[in-house]
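Participant: Note that our numbering has the sequence shown beginning at 1, numbered continuously upward.
Cβ atoms here follow ideal geometry from the backbone N, Cα and C, with glycine treated the same way.
This structure is in structure tokens; I'll ask about it shortly.
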Amino acid sequence: MARIPDAFIDDLLARSDLVEVIGARVPLKRQGKEYSACCPFHDERTPSFTVSPAKQFYYCFGCQASGTAISFLMNYDRLEFLDAVDELARHAGMEVPRDTLQRNANPDGQALFDAMGAAAAFFQRQLAQSPRAQAYLDGRGVDAGIRERFGIGYAPDSFTALRDALGTDQRRLALLERGGLFSSNDSGRSYDKFRDRVIFPIHDRRGRAIAFGGRVLDAQDNPKYLNSPETELFHKGRELYGLWQVRQAHNRIPRLIVVEGYMDVVALFQHGVDTAVATLGTATTPDHAELLFRNAPDVYFCFDGDRAGRAAAWKAVESILPRMKDGRQAFFLFLPDGEDPDSIVRAEGAAGFDKRLAGATPLSQFLFDSLSVDANLTTLEGKGRLAERAKPLLAQIPDGAFADLMQQRLTALTGVGAREPASPPRPAALRSRNSHGVAAPRRSLVRTAIMLLLHQPALAMELEPPFPFASLQQPGVDLLLDVLGVIFERPDITTGALVAHFEGRDEHAALQKLAATTVPGDDAAPRTILLDTIAQLDRQSRHQRLTELQSRLASLGDEEKAELRALLSTRFD
């Protein structure tokens, strides 16, 4: 892992809102002072993933995933450590020390990005040398400015053009292979994957080429579109074509329009509609939904009006419902048979396309209309069918005004209240258990002190070394001293960063669980409990010393006799 000053990391985490970072990607529901969700790192039906804004720490009681905003971005967005730090720093308005980044840059990772960039440049050069490919783009109305903006290129009709141009050594060939730019035949011989196709580079959030899409020039050839395979850089279910260009065009993106193809995005940009993106040969995924709403409050899904288009729209509904926080809106625009965004915008211009968007179907209407297709709402049976279908879907919507309004709409259509009655209070016997039904273990004093320091590291500043309990011969004392040492060295450290400091040690899993537990009492209780706990540990250490001296009474020197008299004169339990 790259070495960045601890003080910078602590300051960055202190300025980053973990709930905002995770909530932009995973639907969170408030539960008291914390938030919960189904864990994004393993499949589950009952939420066991908790996020604590006070601790700036997340933890899953199911798979034990835990950490800070940095580790979440690394695991969820699949970012390298430096990329995750850089992402948080940009949102926090901080600048990562450049010399640190340069010293710790991953040479292999950068080399792969460089190889992909070299391939993109190669394809662009080939476009300039191919009258046939240029004629195709001319015929589609794509001007030079848009070609440059999207980095559009051309792959020559050759099995070795890219290999011959860029594969100057085995290391470069291996990098191009890792980037998905070669295919292999039955005999194991590799060759250029893209041949005689217009090339559309797919860019990551930093504008780096991570994959490619290729379209045939002759409509009779198949497959019409060919995409890069999944690689360590490219995961099609998490990327949107054109998003980099949209971000470059807008400081604040007003809306995003989701279309199906590269040329649809390019054509819309060509005619002034510069907020279009496309999924990459796959249905809208939950990750796509998070990415869309993370960038814009309003999302329009533009599909063909046929059965396949409506099936794709329903897939989108299933992905976005759990992410429909208040303030977000989703719409569905279905185009006439034989039309696509490319043909519509060329025929009607940006104004005509905007007019169609203004008449798009809201998510709420599309959902209830779709569920009511074969439900006769003039009968009790039909109303029951609609209610049965709708309730599990509406239950996925995050708590808020939109969720309430959707429930009210279901009630208006069917007369059935969609909300379940509030759960009765738990019996007193169960209140000692945590929110996941696990009985809280009885804690030793040392364990209690560590737990409190994990929850509120700043409490360590209430204690002054040296600590009398340091000599106490009890399990966990050394760990407690280590925890205190880290906090004194890094006074601004958060819970998540404190737990992460012990990653790789045997105690890490136990620290994760302690950090995820709930401290009883009000906000002032932890300080009182910690001071009392440390005082008890100090008394125990004095007891221990007293017992030791008394066991050696006959052999004590003058100094130890004086210490014994002092201990005997001290009142402690």
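Sort out for me which residues DSSP pairs Ala278 with in a bridge.
Facilitator: In DSSP, Ala278 forms a bridge with Tyr241, Val259.
Participant: Helix, strand or coil: how does DSSP classify Ile253 here?
Facilitator: Ile253: coil per DSSP, three-state reduction.
Participant: Might you give, ordered along the chain, the residues of its own chain that have their beta carbon closer than 7 angstroms to the beta carbon of Ser541, omitting 5 neighbours on each side?
Facilitator: Cβ within range, chain order: Pro468, Phe469, Ser471, Leu472.
Participant: What number of angstroms, rounded off, separates the C-alpha of Glu503 from the C-alpha of Gly496?
Facilitator: Taking the straight line from one Cα to the other gives about 11 angstroms.
Participant: Under a three-way DSSP split, which group does Asp114 fall into?
Facilitator: Note: Asp114 maps to helix in three-state DSSP.
Participant: Name the two residues that bound the continuous alpha helix (DSSP H) containing Glu348.
Facilitator: Where Glu348 is concerned, the enclosing alpha helix (DSSP H) stretches over 341-358.
Participant: What separation, rounded to the nearest whole angstrom, lies between the Cα atoms of Ile450 and Leu480?
Facilitator: About 6 angstroms.
Participant: If the criterion is Cβ atoms closer than 8 angstroms, does the pair Leu371 and Val317 meet it?
Facilitator: Result no, Cβ atoms of Leu371 and Val317 do not sit closer than 8 angstroms.
Participant: Applying the 10 Å Cβ sphere with the 16-neighbour rule, what's the burial state of Asn227?
Facilitator: Buried.
Participant: Which residues in the same chain as Asp11 place their Cβ atom closer than 6 angstroms to its Cβ, once the five residues preceding and following it in sequence are excluded?
Facilitator: Counting only Cβ-Cβ distances below 6 angstroms, and skipping sequence neighbours, we find nothing.
Participant: Since Lys193 contacts Phe200 with CB under 8 angstroms, what's their CB separation in whole angstroms?
Facilitator: Incorrect: roughly 14 angstroms between the Cβ atoms, too far for contact.
Participant: Which class does Ile70 belong to by DSSP, given the choice of helix, strand or coil?
Facilitator: In the structure shown, Ile70 sits in a helix (DSSP, three-state: H, G or I).
Participant: Quick one: any contact between the segment 205-217 and the segment 165-176, if contact means 3 or more CB pairs under 8 angstroms?
Facilitator: Result no; under three Cβ-Cβ pairs closer than 8 angstroms.
Participant: Classify Glu559 as helix, strand or coil using the three-state DSSP reduction.
Facilitator: Glu559 falls in the helix class under three-state DSSP.
Participant: What's the call for Ala161, buried or exposed, on a 16-neighbour Cβ count within 10 Å?
Facilitator: Result: buried.
Participant: Name the residue from Gly382, Ala351, Arg132, Glu290 whose alpha carbon lies nearest to the alpha carbon of Gln329.
Facilitator: Gln329 has its Cα closest to that of Glu290, out of Gly382, Ala351, Arg132, Glu290.
Participant: Rounded C-beta distance between Pro27 and Pro336? I'm assuming under 8 angstroms.
Facilitator: About 35 angstroms separates the two Cβ atoms, so there is no contact after all.
Participant: Kindly confirm or deny that the segment 108-124 and the segment 170-181 touch, where touching means at least three C-beta pairs closer than 8 angstroms.
Facilitator: These segments touch.
Participant: Given Ala296, which residues of its chain have a CB within under 8 angstroms of its CB, disregarding the five upstream and five downstream residues?
Facilitator: Within the same chain, Ala296 has close Cβ partners Ile253, Pro254, Arg255, Leu256, Thr275.
Participant: Grouping DSSP H, G and I as helix and E and B as strand, with all else coil, what is Pro441?
Facilitator: In this prediction, Pro441 scores a pLDDT of 44, lower than 50, which makes its location untrustworthy; the coordinate-derived value is nonetheless stated afterwards. Pro441: coil per DSSP, three-state reduction.
Participant: His288: buried (16+ other C-beta within 10 angstroms of its C-beta) or exposed?
Facilitator: So His288 counts as buried.
Participant: Can you give me the Cβ contacts of Met406 inside the same chain, cut-off strictly under 7 angstroms, excluding the 5 residues immediately before and after it?
Facilitator: For Met406, where only same-chain residues beyond five positions count, the Cβ hits under 7 angstroms are Ser364, Leu394, Ile397.
Participant: My parser needs the alpha helix (DSSP H) runs of 4 or more residues fully inside the segment 201-238; what are they?
Facilitator: Correct list: empty.
Participant: Taking Ala387 as part of the alpha helix (DSSP H), name the residues at either end of that continuous run.
Facilitator: 380-394 is the span of the alpha helix (DSSP H), which, as asked, contains Ala387.
Participant: Going by beta carbon distance, what residues of the same chain come within less than 6 angstroms of Phe293, once the five residues before and after it are set aside?
Facilitator: Excluding sequence neighbours, Phe293 sits near Arg323, Arg328.
Participant: When burial is assigned at 16 or more other CB atoms within 10 Å of the CB, is Ala375 buried or exposed?
Facilitator: It counts as buried.
Participant: For Lys355, count the other beta carbons within 10 Å of its own beta carbon; 16 or more makes it buried, fewer makes it exposed. Which is it?
Facilitator: The residue is exposed, with fewer than 16 neighbouring Cβ atoms inside 10 Å.
Participant: Would you give the residue range spanned by the alpha helix (DSSP H) that Ala470 belongs to?
Facilitator: It is not in any alpha helix (DSSP H) - Ala470 carries neither H nor E in the DSSP assignment.
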